[in-house]
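Chains as they are written, first to last, in our numbering: chain A, 56 to 303; chain B, 3 to 209.
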Amino acid sequence: MQINQDKCINCKKCVPYCPMECINPGEKSVQIDLEECVECGICLRNSNCPVNAIEQTFLTMPRAVRKAFSDPFGKHENIEVKHMGRGTEEIKTNDVTGIIHTLDEAAVAIELGRPGVGARFRDMEKITKAVAKFDIVYEKNNPVTPYIIDKKTGEIEPEILNEKIMSGIVEFRAKIDDLAEILKAVKSVEDKVETVFTVAVICKVDENNKPSAEDIIVNNGFSIRAASSKTNMGLGRPLYEDRIKGAK
Amino acid sequence: MTHTLHRVANLEDFKEDYVILVMPAKGINNDENIAEKLKKFLGIFERHNPVNLGGIGIGHLYDSKAEQIIDNVYSELPMVHGVFSNREDLVAALKDIKDEDMGISIIVSGLVDSVDCCAKEAGLKRHSVNYSLGIWGDKARLPDEKYLEITSMCGHAMISVNLIKKMINDVKKGIKTIEQAAAELAKPCVCGIFNAEKAQKILEELI
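Below, the structure is given as structure tokens:
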């Protein structure tokens with residue numbers, strides 16, 4: 056983003072809209088701190104600049120990752136589905152896609168920078184390195200995954216390590232038996248991460264209506280009764296199991 | 003993405019905040035009829051007193067009328083949402099969705115046990131669950147909890163703490179009513195998942 060200095064009348068109307076607090080009043084015009092700006096576009100879309108002084112600049116790599124991961128309308132070109140947003144269909148279409156289709160596996164989604172603080176990829180790398188020793192499979196449609204250039208070590212593309220984004224999700228599948236140790240590994244680097252992050256666990260529900268990861272989560276000290284959740288209601292068709300049978 | 007998952011709230015407030023997400027599986031069931039189906043889902047939401055409804059690029063109730071939002075649905079739209087402030091409306095919407103049987107994945111955000119009860123009431127059985135294990139890391143960088151309850155209602159983090167502060171000032175100065183201030187905070191959330199009724203209550207507490 057940039058503020059056209061010839062147009063800006065210093066009304067400061069855009070200042071409170073910035074979630075990164077990086078639009079600063081100046082003597083004659085407002086200024087964007089480009090080091091902190093994540094290119095989310097909210098100033099352009101919502102602040103109704105009376106003189107249209109807010110402009111989207113053409114972004115090239117590595118800065119272009121900021122917009123892709125921060126602007127809800129930003130598109131990711133590095134994955135097959137080229138979708139908008141930061142994550143994937145994950146649990147939302149799990150009844151159809153079968154991303155998690157057995158009771159002995161779970162998915163973990165660790166969103167760096169959320170809620171509202173922002174993150175640099177160097178912080179994300181602390182997480183990917185912490186979980187690298189486990190037998191995990193990264194979600195191929197997640198836009199973070201292609202930037203993890205060495206899945207065995209968790210190394211992230213060096214070119215983007217210092218880029219700041221609103222948030223990005225490290226998303227992978229694992230054996231449910233490894234879940235407790237994975238959460239411990241993430242916990243072990245928590246104080247080294249210079250931002251906030253959210254952690255989520257996705258699992259299937261068994262025949263008796265019990266989520267397969269519930270006991271592991273509770274036994275590891277997490278309170279799930281007072282926390283937010285998302286539940287897939289199983290109404291999508293064709294169900295994953297039927298699609299697989301049909302393919303055979 | 004997990005944009006409705008990590009809403010911050012106390013137990014009582016969670017009971018007034020449920021989001022239904024409708025998402026086609028790309029390459030599997032987002033066929034040529036998908037736009038009509040998504041319109042139908044939005045129509046169902048509209049019948050059951052939603053606090054908000056919409057989807058990315060089609061508008062939401064704080065910048066458009068429901069009719070316009072439904073007209074704006076396009077075939078590549080990734081998902082649509084409806085936000086409800088009580089269990090009765092949620093269950094009624096879920097029953098209608100079940101009866102219509104359109105074969106598109108339905109997800110509900112809220113407290114896990116509460117959503118399970120609503121699912122049972124609507125005659126549905128859970129397929130899978132996504133648990134939030136909360137916020138980790140350098141939590142000293144977070145704003146006060148009440149502000150977080152508002153900002154976390156937009157998973158894309160488009161609502162700034164400073165905008166909340168400005169709205170509080172505008173209300174105190176008589177420039178805006180609390181209702182107008184809550185509606186202004188809903189605008190940056192382009193997916194239409196922001197619960198402005200809940201925001202209004204929080205603003206009242208903050209003021």
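In this text, a Cβ means the ideal position worked out from N, Cα and C, and glycines have one as well. Only a predicted model underlies this, so the values are computations on that prediction, with no experimental measurement involved.
Where the alpha helix (DSSP H) containing residue i begins and where it ends
i             : result
residue 73/B  : 68–73
residue 94/B  : 89–102
residue 179/A : 176–185
residue 181/B : 180–188
residue 114/B : 114–123
Own chain residues within Cβ distance below 6 Å of residue i, not counting five before or after
i             : result
residue 156/A : 295
residue 153/B : 161
residue 190/B : 160, 161
residue 188/B : 64, 196, 198
residue 87/B  : 18, 53, 199
7 Å Cβ shell around residue i - same chain, five flanking residues per side excluded
i             : result
residue 77/A  : 87, 88, 91, 92
residue 2/B   : Any question about residue 2/B goes unanswered here, given that chain B covers just 3 to 209.
residue 275/A : 235, 238
residue 240/A : 185, 186
residue 208/A : 184, 187
residue 32/B  : 26
residue 104/A : 68, 69
Rounded separation between residue i and residue j - CA only
i             : j             : result
residue 103/B : residue 293/A : 12 Å
residue 130/B : residue 107/B : 11 Å
residue 59/A  : residue 106/A : 10 Å
residue 260/A : residue 194/B : 29 Å
residue 305/A : residue 222/A : This structure leaves residue 305/A out entirely; chain A is present only between 56 and 303.
residue 85/B  : residue 46/B  : 12 Å
residue 62/A  : residue 99/A  : 14 Å
residue 183/B : residue 66/A  : 20 Å
residue 141/A : residue 164/A : 11 Å
residue 3/B   : residue 257/A : Confidence in residue 3/B is poor, its pLDDT being 45 and thus under 50, which makes the residue's placement unreliable; the coordinate value appears in the next sentence. In a straight line, the C-alpha of residue 3/B is about 13 Å away from that of residue 257/A.
residue 126/B : residue 287/A : 10 Å
residue 263/A : residue 148/A : 21 Å
residue 118/A : residue 145/B : 27 Å
residue 117/B : residue 123/B : 10 Å
residue 157/B : residue 9/B   : 8 Å
residue 273/A : residue 245/A : 20 Å
Residue of the options minimising C-alpha distance to residue i
i             : options                    : result
residue 96/A  : 56/A, 131/A, 113/A, 232/A  : 56/A
residue 90/B  : 98/B, 120/B, 145/B         : 120/B
residue 147/B : 12/B, 39/B, 6/B, 5/B       : 12/B
residue 146/A : 162/A, 131/A, 302/A        : 162/A
residue 172/A : 99/B, 92/B, 150/B          : 150/B
residue 49/A  : 122/A, 80/A, 84/A          : There is simply no residue 49/A to check, as chain A begins at 56 and stops at 303 in what is shown.
residue 7/B   : 159/A, 170/A, 247/A        : 170/A
residue 173/B : 140/B, 122/B, 207/B        : 207/B
residue 116/A : 189/A, 219/A, 286/A        : 219/A
residue 254/A : 279/A, 217/A, 267/A, 230/A : 279/A
residue 168/A : 125/A, 198/A, 233/A        : 125/A
residue 190/A : 301/A, 231/A, 166/A, 284/A : 231/A
residue 115/B : 299/A, 297/A, 300/A, 269/A : 269/A
Close-in-space but distant-in-sequence residues of the same chain around residue i (CB under 8 Å, 5 per side omitted)
i             : result
residue 74/B  : 59, 60, 61, 66
residue 290/A : 150
residue 194/A : 143, 145, 154, 162, 200, 226, 227, 228
residue 85/A  : 58, 63, 65, 67, 69, 70, 78, 79
Boundaries (first-last residue) of the beta strand (DSSP E) holding residue i
i             : result
residue 133/B : 130–139
residue 253/A : 251–259
residue 82/B  : 82–86
residue 190/A : Taken as a continuous stretch (DSSP letters only), residue 190/A belongs to no beta strand (DSSP E), as it is neither H nor E.
Quiz prompt | Entirely enclosed beta strand (DSSP E) segments - the region 74–160 of chain A, minimum 3 residues | solution = none
Practice problem: Taking only beta carbons into account, state which residues of the region 117–149 of chain B come closer than 8 Å to chain D, listed in chain order. | Solution: Going by chain labels, chain D is absent from the structure shown, which instead holds the protein chains A and B.
Self-check item: Completely contained alpha helix (DSSP H) runs for the region 208–249 of chain A, where each covers 4 or more residues
Solution: 234–243
Practice problem: Output the residue ranges of the beta strand (DSSP E) runs that lie fully inside the region 268–298 of chain A and measure 3 residues or longer, sorted by chain position. | Solution: 283–287
Quiz item: Where in the region 11–71 of chain B do unbroken runs of the beta strand (DSSP E), each at least 3 residues long, occur, reported from the N-terminal end onward?
Solution: 20–25, 54–57
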